[in-house]
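Below is one structure, written out as structure tokens; comments come after it.
Residue numbers (this note's numbering): -14 to 395.
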């Protein structure tokens, strides 16, 4: 078993060993995030190959995100019972195989099925890794460590857009899937450098709850999930849903927007979208210090304000047909998302420390199922009113989220 390093004493800084664990798990999360989002700038090429409209090809994003989010609570709960590292090794290997399968499919329906399969395996990587980190660093350093983990993870989301665009233009979207499948294989090998974390102590009530889950696994799991999702911390989980719909919904359609409205190639679109990853890394690195000064609700407030700015900049880009405002939008969106999502993860763990994996899984459920819904709804709004209307609606919705969260988290 991995020894607990007491991150709750002394300077409060992570040790070198803890940082190595966070970096390794962050790379696994990076690959799982990149595996979906490199597809965004490749959508026009996929659409051309499969003879559909680019907006219709966005179903590829939804096909991954919905199972990716829906199964996160299941994987989180499994990690609580069977072991986080054991589960991670299984699902990262499945991610690798599923991604390579996507490169070989002959049609869009087959690609959708392959993406559903891949999303099912990838579902638990982030939520189980977040709980893994919580076991290792302790409560005092948890927010900062999760911020670093998610900064690395979603840096991959942004940087993969550039790499995916370059690969798509240079050698085709199928070769891009092969490349990310090989990255997943490397992540799987790195997991064998870690050992299982020691679980945090549970009191008698938590142990009894887990016993109920073991005796009636399906009903027990559903009851535990519903109890947490609609319990005293329900505002946190519901905000995760709207965060996914708005932040990930906007990001998922940026690649098509840059191609259709701004005239950029897949490579150029991907390079613009890389600014998202840069600011994910910046936001992840500074989220701990920002939280110490403003508190966790203050971190969310800054992140949501950044999301509103992103939607306004995208509306300006749509009106002017210039990619320059979209560059700022990508940065604002990355900064906003990385401040909001990991902070909600940290707040969720307080709902039941004995079931941290399930708590983080429910956040993943809300965010990524919401992201899949956001991509689908965004495509419908786009078809009805065009890009200026799409980004205007997104800005108003993000403003509404800011007003609601300022009340429920105060």
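No residue lacks a Cβ here, since even glycine has one placed at the ideal position from N, Cα and C.
Residue burial classification, residue i (beta-carbon count within 10 angstroms, cutoff 16)
i           : result
residue 47  : buried
residue 19  : buried
residue 240 : buried
residue 321 : buried
residue 100 : buried
residue 178 : exposed
residue 365 : exposed
residue 336 : buried
residue 26  : buried
residue 43  : buried
residue 391 : exposed
residue 395 : exposed
residue 248 : exposed
residue 215 : exposed
residue -7  : A caution first: residue -7 carries a pLDDT of 44, below 50, which makes its placement in the model unreliable, though a value can still be read off. So residue -7 ends up on the exposed side.
residue 159 : buried
Check whether residue i and residue j have beta carbons under 8 Å apart
i           : j           : result
residue 246 : residue 295 : no
residue 14  : residue 60  : no
residue 151 : residue 84  : no
residue 229 : residue 353 : yes
residue 265 : residue 355 : no
residue 324 : residue 314 : no
residue 386 : residue 223 : no
residue 76  : residue 106 : yes
residue 16  : residue 134 : no
residue 50  : residue 104 : yes
residue 370 : residue 234 : no
residue 113 : residue 73  : yes
residue 261 : residue 329 : no
residue 349 : residue 111 : yes
Inter-residue spacing [alpha-carbon to alpha-carbon] between residue i and residue j
i           : j           : result
residue 63  : residue 53  : 15 Å
residue 8   : residue 342 : 19 Å
residue 24  : residue 39  : 12 Å
residue 149 : residue 368 : 25 Å
residue 132 : residue 306 : 35 Å
residue 199 : residue 118 : Any answer about residue 199 is weak, because its pLDDT of 48 lies below 50 and its placement is not dependable; what the coordinates show is given next. Answer to the nearest angstrom: the Cα atoms are 24 Å apart.
residue 332 : residue 102 : 30 Å
residue 346 : residue 263 : 26 Å
residue 288 : residue 272 : 10 Å
residue 293 : residue 45  : 26 Å
residue 66  : residue 221 : 24 Å
residue 3   : residue 334 : 19 Å
residue 32  : residue 96  : 12 Å
residue 193 : residue 141 : Reliability fails at residue 193, whose pLDDT of 39 lies under 50, so the model's placement of it is uncertain and the value that follows must be treated cautiously. If you take the alpha carbons of residue 193 and residue 141, they lie about 39 Å apart.
residue 22  : residue 377 : 23 Å
beta-carbon residue i near the ligand ATP non-hydrogen atom, thresh 7 Å
i           : result
residue 152 : Of the ligands one can find in the structure shown there are none, so the ligand ATP has no counterpart to examine.
Simplified DSSP assignment, three categories, for residue i
i           : result
residue 217 : coil
residue 198 : Note that residue 198 has pLDDT 45, beneath the 50 cutoff, so the model's placement of it is unreliable and no number is given.
residue 182 : strand
residue 68  : coil
residue 126 : coil
residue 191 : Residue confidence for residue 191 is low, a pLDDT of 43 falling below 50, so the modelled location carries little weight; the figure read from the coordinates is stated next. Three-state DSSP puts residue 191 in a helix.
residue 145 : helix
residue 352 : helix
residue -2  : coil
residue 91  : coil
residue 304 : helix
residue 247 : coil
residue 164 : helix
residue 74  : helix
residue 109 : helix
Closer than 8 Å to chain B by CB, residue i
i           : result
residue 337 : The chain labelled as chain B is not found in the depicted structure, where only one protein chain is given.
Would you call the segment 123 to 132 and the segment -4 to 8 touching, i.e. three or more CB-CB distances under 8 Å? Touching, per the Cβ criterion.
Does the contact criterion of 3 or more C-beta pairs under 8 Å hold for the segment 270 to 290 versus the segment 159 to 176? no
Cβ contact (3+ pairs, closer than 8 Å) linking the segment 297 to 316 and the segment 88 to 97: Too few Cβ pairs lie closer than 8 Å, so no.
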